[in-house]
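Enquirer: Chains as they are written, first to last, in the working numbering: chain G, 1007 to 1482; chain X, 4 to 420.
In this text, a Cβ means the ideal position worked out from N, Cα and C, and glycines have one as well.
Fair warning: this is a prediction, and the values are worked out from it, not measured in the lab.
1) Is residue 42/X near the ligand COA, with its Cβ less than 7 Å from a heavy atom?
2) Got a sec: is the Cβ-Cβ distance from residue 1417/G to anything in chain B below 8 Å?
3) Starting from the Cα of residue 1389/G, find the closest Cα among 1468/G, 1250/G and 1434/G and give me that residue.
4) Which complete alpha helix (DSSP H) runs does the stretch 1109 to 1150 of chain G hold, if anything under 4 residues is left out?
5) Which of the three DSSP states, helix, strand or coil, is assigned to residue 297/X?
6) Below 8 Å, how does it come out for the stretch 1062 to 1082 of chain G and the stretch 1349 to 1369 of chain G: are there three or more Cβ pairs, yes or no?
7) So what's residue 1353/G in DSSP terms, helix, strand or just coil?
8) Within 10 angstroms of the Cβ of residue 1262/G, are there 16 or more other Cβ atoms? Answer buried if so, exposed if not.
9) Taking C-beta to C-beta, are residue 322/X and residue 355/X nearer than 8 Å?
10) So, with DSSP's three-state summary, where would you put residue 1457/G?
11) Where does residue 1138/G land, buried or exposed, given buried means 16+ other C-beta within 10 angstroms?
12) Using a Cβ-Cβ distance under 8 Å, would residue 2/X count as near chain G?
13) Report buried or exposed for residue 1159/G, applying the criterion of at least 16 other Cβ atoms within 10 angstroms of its Cβ.
14) Would you check if the distance between the CB atom of residue 286/X and the CB atom of residue 410/X is smaller than 8 Å?
15) Can you check whether the C-beta of residue 332/X is within less than 8 Å of a C-beta belonging to chain G?
16) Considering only residues of the same chain and omitting the five flanking positions on each side of residue 187/X, which have a CB-CB separation below 8 Å?
17) Which one of 1391/G, 1037/G, 1179/G and 1279/G has the shortest CA to CA distance from residue 1383/G?
18) My parser needs the alpha helix (DSSP H) runs of 4 or more residues fully inside the stretch 136 to 214 of chain X; what are they?
19) Do you know how far the Cα of residue 302/X is from the Cα of residue 262/X?
20) Report the option in 1319/G, 1073/G, 1297/G and 1052/G whose CA atom is closest to the CA atom of residue 1335/G.
21) Determine the closest residue to residue 3/X out of 16/X, 370/X, 390/X and 137/X, with distance taken between C-alpha atoms.
22) On the DSSP bridge assignment, give the partners of residue 345/X in chain order.
23) Report yes if the C-beta distance between residue 1243/G and residue 1259/G is below 8 Å; otherwise report no.
24) Please go through the same chain and pick out, in chain order, the residues whose beta-carbon is closer than 6 Å to the beta-carbon of residue 1447/G, but skip the five residues on each side of it.
25) With DSSP as the reference, please indicate the residues paired to residue 401/X in a beta bridge.
26) Quick check on the DSSP output: what are the complete alpha helix (DSSP H) runs of length 4 or more inside the stretch 1309 to 1389 of chain G, in order along the chain?
27) State yes or no: is the C-beta of residue 1416/G within less than 8 Å of the C-beta of residue 1449/G?
28) Verify the CB distance criterion: does residue 4/X have a CB-CB separation below 8 Å to chain G?
29) Keeping to the same chain, check which residues put their C-beta closer than 7 Å to that of residue 55/X; ignore five residues upstream and five downstream.
30) Output the distance between the C-alpha atoms of residue 1124/G and residue 1257/G, rounded to the nearest integer angstrom.
31) Whose CA, out of 20/X, 14/X and 12/X, lies closest to the CA of residue 312/X?
32) Would DSSP call residue 1215/G helix, strand or coil?
33) Helix, strand or coil, according to DSSP, for residue 367/X in the structure here?
34) Here's the rule: buried if 16 or more other CB atoms are within 10 angstroms of the residue's CB, otherwise exposed. What is residue 357/X?
35) For a cutoff of 8 Å on Cβ pairs, would you count residue 236/X as touching chain G?
36) From 1046/G, 1120/G, 1198/G and 1143/G, pick the residue whose C-alpha is nearest to that of residue 1016/G; which is it?
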């Protein structure tokens, strides 16, 4: 079981991984496949509750990375790793492909260079297309597109399920998942390091810093001064399901010096996403949305896919990317401290996570951590089918016949059943709050935002998914 | 998979067991030979009135005054007593044919192939994301629907100090629910300039509930990381902004029809209501498919929705008896400040709409409205009405206004000044 109440006061783990986002969970999973005791130390009450929950949910080919960087190599490798892992665990993925659209002569002129760059990144399936082909592929695009570049293997994925699958498998392999353990101080000893946390000390011979937005703070506790994390806020709008017919692939802007710009993409839940903005902040907890950000996105949406704005917005949210100076991932071991830093993992970390974990494995082995592969590892977890393209329980006649709870739709908009909500509480990493339940089931993520189901979902949250009289019998 | 699912074949399928659907089913069950099947996705039939505990229901249809839950129970009893089958926790998830749908329920996945279908799926309030209110994302932000579900059906707690957005009928219903839950409404916020626009509620509201109303105002920011702490209110006339402390925010009104089945079936929508485009017989654009209630006019009172149900029952019976729809149609539309009119089509030879009223929605208060109808560049009717056209509630206009519409003419545009 996860341990929310105490640190392992006396145990000394072989490795403590700080941060249970995509990267930390992938590293814990990788290491716990070896003869090691591993702790996954997370400040928040759930895995994947920070940067990893609010990104654009794209499985990148890495076509536009900077060639020769660590990021380029790990994104390219991670793409294939995560695709295989998704197939093994049931993480929703759709290979929609992407279309970069040039709206100015300058952007049009940049496309051949982008194709050449993709080839230097080892990706050779991009194709230049003229405006007619652009509009044939995405008829709903606004006027003025001059040409495009196709990236047929760019895909959309469920970031929540990815994070949860990695952390669940780490847990199944014996990783001790310590939620609600915020690291407050670090003491590096001769034999082991003590992480003082809000719930007591956690001891480990090696520490891996995958703390995302907190990576620089933790790095300084180890006496380093090499990295500053600047939270970069990205605001996103999600449009209701009828919009999906307008956008069947990822529509990317041509990247400029100011970043990757605003994209329009379908989601695996059957919606359309517009965003993100890019705004550097100082407050590392400010995931609020802003008036200016929403206005900017609506303006961009109007130009990109004008029809989109007639659809209802079902979610507005903001994520914080852990940006650092320098254009690459920063992954470095300090063997004398038995310490390894993983920093600067931008939104590409979703794709690269498993490859980052394998890279970390290599660095730790070089630094002298004995890594002996275990045999008889448990099978990877089968994750709930959250994707619209997959077998949703509500339309699975055989499943409903076997268990009527899968026929009891609680969240009407997203068609989430009481059976799925109950199941979420029976997993190795059950939800801790409404946000956690939403990420595990999609309940309350739809157009009504709880108008119909909010009270019933809260009731199921309170009873840990037990279907009570009040859930099914409405009026007293 | 669908091939092995059982198929039910009632004469009439009604989707939605609210006032419109139940009333239609009660009337149809006495008139048709085969089954009348009502499906509702909620655990209990009755629709929105189930969780609206104040009085005032049933006036126009049942000629009595009931509480919401009492009204809902009575409608359910009437439908079942008439012989209709009412199934709850049965969600229509999509179409399998012109009058055939797929259903998920705890009793299994099945299909229903009916001779006629009535969609009475109602409306919901726009929640926070659809209103694009920026700021933090704390707990404590509700629509009236969710609030009343929490308080009246699940007996849950809300906060102590609320701000209510909107100042129309449903907003006052929210204030009453908050009071029942021990939560004080410190401010109501309306974007409209004059409280007279909703005089019927503002006067008793001020007297009995003593809630101040900030007019010409809007919420510009939500503040509070885990629990709501305050909202920022802007005076839209001056641009001045202030912070109002609260732990509960209720977003009321701003209704949108639950039109998903119309859209997924490719049935035409009215751009004004965002509900189905219907004629006065409440036909919804496909032979044998009808619409009734607040999905057509978001939203009028429950009893008006119920009377839609009575009206549509007769039209369904006529369809089942083989009476075709008249071929010719004239489109109805509106000019500002009117936002929509329902029904949106008239067909020469059809009966008048329910209650012989056109239902309209205005964005501005017009105290002594003069309603006009134009067709093909000329005024075909002009009439002064003794009741106001007020934002936040349906403005009803006698059907006889359109008696001069030319059956072969172009669209008729309604205006008010």
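Expert: Quick answer:
1) The ligand COA is absent from the structure shown, which contains no ligand whatsoever.
2) This model lacks chain B altogether, as its protein chains are G and X.
3) Taking the first residue of the first chain as 1, we reach residue 1389/G at position 383. When each option's Cα is compared against that of residue 1389/G, the closest is 1434/G.
4) Qualifying alpha helix (DSSP H) stretches, in chain order: 1111 to 1126 and 1137 to 1143.
5) Taking the first residue of the second chain as position 1, residue 297/X is located at position 294. Note: residue 297/X maps to helix in three-state DSSP.
6) Yes, they touch.
7) Here the question's residue 1353/G lines up with position 347 in the first chain. Annotated three-state conformation of residue 1353/G is coil, per DSSP.
8) Here residue 1262/G refers to the residue found at position 256 of the first chain. By the neighbour-count criterion, in which a residue is buried when 16 or more other Cβ atoms sit within 10 angstroms of its Cβ, residue 1262/G is exposed.
9) Taking the first residue of the second chain as position 1, residue 322/X is located at position 319. Taking the first residue of the second chain as position 1, residue 355/X is located at position 352. Taking a C-beta distance under 8 Å as the contact criterion, residue 322/X and residue 355/X do not qualify as a contact pair.
10) Reading the first chain from its first residue, position 451 is the one you call residue 1457/G. In the displayed model, residue 1457/G falls within coil according to three-state DSSP, outside both helix and strand.
11) On the first chain, residue 1138/G is found 132 positions in, with the first residue counted as 1. By the 10 Å Cβ count, residue 1138/G comes out exposed.
12) Outside the modelled stretch of chain X, which goes from 4 to 420, sits residue 2/X, for which no answer is possible.
13) Here residue 1159/G corresponds to residue number 153 of the first chain, with the count starting at 1. Counting Cβ neighbours within 10 Å, residue 1159/G comes out buried, since at least 16 surround it.
14) Start at 1 with the first residue of the second chain, and residue 286/X comes out as number 283. Start at 1 with the first residue of the second chain, and residue 410/X comes out as number 407. Cβ atoms of residue 286/X and residue 410/X: not closer than 8 Å.
15) For the purposes of this step, residue 332/X is taken as residue 329 along the second chain, with counting starting at 1. Chain G, which has no Cβ nearer than 8 Å to the Cβ of residue 332/X, makes this no.
16) Along the second chain, one-based indexing puts residue 187/X at 184. Within the same chain, residue 187/X has close Cβ partners 163, 164, 165 and 181.
17) To locate residue 1383/G, count along the first chain from 1; it is residue 377. Here the closest residue by C-alpha is 1179/G.
18) DSSP runs (the alpha helix (DSSP H)) wholly in the stretch 136 to 214 of chain X: 147 to 151, 172 to 183 and 202 to 207.
19) The sequence position of residue 262/X within the second chain is 259, counting from 1. The sequence position of residue 302/X within the second chain is 299, counting from 1. When only Cα atoms are considered, residue 262/X and residue 302/X end up about 13 Å apart.
20) If you number the first chain from 1, residue 1335/G lands on position 329. That would be 1073/G, whose Cα lies nearest to the Cα of residue 1335/G.
21) Because chain X in this structure spans residues 4 to 420, residue 3/X falls outside the shown range and cannot be described.
22) Taking the first residue of the second chain as position 1, residue 345/X is located at position 342. The secondary-structure analysis by DSSP pairs residue 345/X across a beta bridge with 362/X.
23) Taking the first chain and counting its residues from 1, the one referred to as residue 1243/G is at position 237. Taking the first chain and counting its residues from 1, the one referred to as residue 1259/G is at position 253. No, these two residues do not count as a Cβ contact at 8 Å.
24) On the first chain, residue 1447/G is found 441 positions in, with the first residue counted as 1. Within the same chain, residue 1447/G has close Cβ partners 1422, 1426, 1427 and 1430.
25) Start at 1 with the first residue of the second chain, and residue 401/X comes out as number 398. Paired residue(s): 360/X.
26) If one requires a minimum length of 4 residues, the alpha helix (DSSP H) runs lying completely within the stretch 1309 to 1389 of chain G are 1355 to 1372, in chain order.
27) Taking the first chain and counting its residues from 1, one reaches residue 1416/G at position 410. Taking the first chain and counting its residues from 1, one reaches residue 1449/G at position 443. Annotated as proximal: residue 1416/G and residue 1449/G, with beta-carbon spacing under 8 Å.
28) Residue mapping note: residue 4/X aligns to position 1 of the second chain, counting from 1. Residue confidence is low: residue 4/X scores 45 on pLDDT, short of 50, so the model does not pin down where it sits. Its coordinate-derived value is still stated next. Yes, its Cβ sits closer than 8 Å to a Cβ of chain G.
29) For the purposes of this step, residue 55/X is taken as the residue at position 52 of the second chain. So the list reads 71, 151 and 176, once near-sequence residues are dropped.
30) Within the first chain, residue 1124/G is the residue found at index 118, counting from 1. Within the first chain, residue 1257/G is the residue found at index 251, counting from 1. Between residue 1124/G and residue 1257/G, the C-alpha separation is close to 17 Å.
31) Along the second chain, read from residue 1 onward, the residue named residue 312/X stands at position 309. Shortest Cα-Cα distance from residue 312/X to any of 20/X, 14/X and 12/X involves 20/X.
32) To locate residue 1215/G, count along the first chain from 1; it is residue 209. In the structure shown, residue 1215/G sits in a strand (DSSP, three-state: E or B).
33) Reading the second chain from its first residue, position 364 is the one you call residue 367/X. It is coil, neither helix nor strand.
34) To locate residue 357/X, count along the second chain from 1; it is residue 354. It counts as buried.
35) Locating residue 236/X in the second chain gives position 233, counting from the first residue. Output row for residue 236/X: interface = no.
36) Taking the first residue of the first chain as position 1, residue 1016/G is located at position 10. The residue with the shortest Cα to Cα distance from residue 1016/G is 1198/G.
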